[in-house]
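Okay, so here's the structure we're looking at.
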Amino acid sequence: MKELSRSAQIGDIRQQNYSTIMRELMRSGPTARTDLAAAIGMSTGSVTRLTGALARAGLVTELTEPAQRGMGRPKVPVAIDESTYGVVGVHFGLHRVNTCLIDLRGQLVAELHTTERTTRLEPLVRGAARSVRKLIDGNGLTVLGVGASTGGWVDSSAGRVRSQPILGWQDAPLAKALGEATGLSVLVDSQVRALALAEHWFGAATEVDNFIHLFVGNVIGAGFVFNGTPYRGGRAAAGGLDHLPVAERSGSACACGSRRCFAMAAGDIEVAARARAAGLIGDDQEIYDLFAMAGSGHTRARRLLRERARVVGAATATLIDLLDPELVVLGGGISSPVDDVETVREVAQAKLPADRFGDATALIRPSAFGPYALGIAAGAIMLDSVYRSPEAFVPALTAHAAM
Ligand SMILES: [Zn+2]
Numbered sequence: 001m002k003e004l005s006r007s008a009q010i011g012d013i014r015q016q017n018y019s020t021i022m023r024e025l026m027r028s029g030p031t032a033r034t035d036l037a038a039a040i041g042m043s044t045g046s047v048t049r050l051t052g053a054l055a056r057a058g059l060v061t062e063l064t065e066p067a068q069r070g071m072g073r074p075k076v077p078v079a080i081d082e083s084t085y086g087v088v089g090v091h092f093g094l095h096r097v098n099t100c101l102i103d104l105r106g107q108l109v110a111e112l113h114t115t116e117r118t119t120r121l122e123p124l125v126r127g128a129a130r131s132v133r134k135l136i137d138g139n140g141l142t143v144l145g146v147g148a149s150t151g152g153w154v155d156s157s158a159g160r161v162r163s164q165p166i167l168g169w170q171d172a173p174l175a176k177a178l179g180e181a182t183g184l185s186v187l188v189d190s191q192v193r194a195l196a197l198a199e200h201w202f203g204a205a206t207e208v209d210n211f212i213h214l215f216v217g218n219v220i221g222a223g224f225v226f227n228g229t230p231y232r233g234g235r236a237a238a239g240g241l242d243h244l245p246v247a248e249r250s251g252s253a254c255a256c257g258s259r260r261c262f263a264m265a266a267g268d269i270e271v272a273a274r275a276r277a278a279g280l281i282g283d284d285q286e287i288y289d290l291f292a293m294a295g296s297g298h299t300r301a302r303r304l305l306r307e308r309a310r311v312v313g314a315a316t317a318t319l320i321d322l323l324d325p326e327l328v329v330l331g332g333g334i335s336s337p338v339d340d341v342e343t344v345r346e347v348a349q350a351k352l353p354a355d356r357f358g359d360a361t362a363l364i365r366p367s368a369f370g371p372y373a374l375g376i377a378a379g380a381i382m383l384d385s386v387y388r389s390p391e392a393f394v395p396a397l398t399a400h401a402a403m
């Protein structure tokens, strides 16, 4: 028994060391072994042994070009291998499913998006599984697993979507259903936490360990990363902001009965409804059409979006006051139009003392991702697990272990 627990301990330490090396390479890019050793506080000998095993397993690669020239032996850098493994992300939104294949550095390799009339779980999962298969067949990467996300309350440890009001899902076994349909291992989480993970691993928040991803789209929510780890709360429901009281009165009442809820004042669905009522967009048009109008300089479209950004700015100030993050990343509809991010900064800055707020441009940033943010971010759920325990996903790594 004693021997067994000792070898288990050694396995844990080895896994942790692999994880540390891969995280450092993800953050810093190609790095010479000596510099890598210095950065993570390990001996060059250990780093050489561990990166050797990671390279044989296809997780890191040795680049042929020396990182720098100078005295002594050339430093051949190691880097995350982008051409052997990948993960797939699937995001289930209203009328839209986005499936993205990303490599181990989080770079988009290929994507598919489908328009869906149904909101039922089973047909959506079957369709998503077909997309996953197409992406895998069309590319040379070995897929280690699938991350899936949607809005609302998603319990990652149970693999279930507890409540997704926009799709009408209640206690939906998403991980199990998608796992059976694809034959791959599947992890699920809420879309805001997925976005926060993606920003942290390969987006706008790679240098900080305490930040908030504030998503303002069809749903409004926050993904929290504290001390480098996503905060999920006691029931995996942390980050809901739909009913945060705001100063602005909304035209229609929220499901909770109030006319002063954040989602009613600032969500994409409500802003689009306001634009329709004002005759700015037609009945068959969406918020994206309003963004396009604002982008081409339409004054009333811009004013409508600026009003929304002011609501978001006030809420951002509340979050900063409450949690003192190093950074707030804005995602969803709020991050795309021309000057909305700037408006959020101005309003938040006006509400908070300068010594706590500092530089608004550094503290509040737009998301690093473009139109496929939600699909890519879903992939980050799986990528996060691969980086935390590479041996669990790449058995070849255990076989190649050099202890
Ligand atoms: Zn409400």
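Per our numbering, the sequence shown starts with residue 1, numbered consecutively.
C-beta atoms are modelled at their ideal positions from N, C-alpha and C, and glycine is treated no differently.
Hey, how far is the Cα of residue i from the Cα of residue j?
{"i": "A53", "j": "P395", "result": "12 Å"}
{"i": "V186", "j": "S149", "result": "11 Å"}
{"i": "L397", "j": "V60", "result": "11 Å"}
{"i": "V146", "j": "A196", "result": "17 Å"}
{"i": "R276", "j": "A292", "result": "15 Å"}
{"i": "S335", "j": "S389", "result": "33 Å"}
{"i": "I10", "j": "A37", "result": "20 Å"}
{"i": "G58", "j": "E391", "result": "12 Å"}
{"i": "F262", "j": "A378", "result": "25 Å"}
{"i": "D384", "j": "R300", "result": "42 Å"}
{"i": "A156", "j": "E116", "result": "Looking at the sequence provided, one finds Ser at residue 156 rather than Ala. Their Cα atoms are separated by approximately 24 Å."}
{"i": "D321", "j": "V312", "result": "14 Å"}
{"i": "S278", "j": "L374", "result": "Looking at the sequence provided, one finds Ala at residue 278 rather than Ser. Their Cα atoms are separated by approximately 30 Å."}
{"i": "G332", "j": "P230", "result": "19 Å"}
{"i": "L214", "j": "C254", "result": "20 Å"}
{"i": "L50", "j": "P165", "result": "46 Å"}
{"i": "G106", "j": "T119", "result": "28 Å"}
{"i": "T48", "j": "V76", "result": "11 Å"}
{"i": "E207", "j": "D283", "result": "43 Å"}
Note the first and the last residue of the continuous beta strand (DSSP E) segment covering residue i.
{"i": "R365", "result": "364 to 366"}
{"i": "H200", "result": "Careful: H200 lies outside any beta strand (DSSP E), inside the alpha helix (DSSP H) at 191 to 202."}
{"i": "E111", "result": "108 to 115"}
{"i": "D103", "result": "96 to 103"}
{"i": "T61", "result": "60 to 62"}
Whose C-alpha, out of the options, is nearest the C-alpha of residue i?
{"i": "V188", "options": "W169, V154, G217", "result": "V154"}
{"i": "A177", "options": "P165, V161, I166", "result": "V161"}
{"i": "Q170", "options": "G179, G151, L184", "result": "G151"}
{"i": "G221", "options": "Q15, L330, A79", "result": "L330"}
{"i": "V192", "options": "L141, G159, A237, A57", "result": "A237"}
{"i": "D416", "options": "D324, A380, I334, P366", "result": "Nothing can be reported for residue 416, as the shown portion of the chain is limited to 1 through 403."}
{"i": "T99", "options": "V125, R117, Y85, T84", "result": "V125"}
{"i": "P30", "options": "T229, E82, I281, V341", "result": "E82"}
{"i": "G45", "options": "R56, A32, A57", "result": "A32"}
{"i": "G168", "options": "E122, G257, S156", "result": "E122"}
{"i": "G89", "options": "F393, I376, S43", "result": "I376"}
{"i": "G217", "options": "A309, A158, G297, E199", "result": "A309"}
{"i": "G257", "options": "D242, E307, D268, I269", "result": "D242"}
In terms of residue numbering, what span does the alpha helix (DSSP H) encompassing residue i cover?
{"i": "F262", "result": "262 to 266"}
{"i": "L319", "result": "299 to 323"}
{"i": "V344", "result": "340 to 351"}
{"i": "G295", "result": "287 to 295"}
{"i": "I40", "result": "33 to 40"}
So, is the C-beta of residue i closer than 8 Å to a C-beta in chain C?
{"i": "D242", "result": "Absence of chain C from the displayed structure is noted, only one protein chain being present."}
May I ask whether a heavy atom of ligand 3 can be found less than 7 Å away from the beta carbon of residue i?
{"i": "A237", "result": "For the structure depicted, ligand 3 is absent and the ligand set comprises only ligand 1."}
Completely contained alpha helix (DSSP H) runs for the region 144 to 226, where each covers 4 or more residues: Unbroken alpha helix (DSSP H) stretches of 4 residues or longer found wholly inside the region 144 to 226: 174 to 182, 191 to 202, given in chain order.
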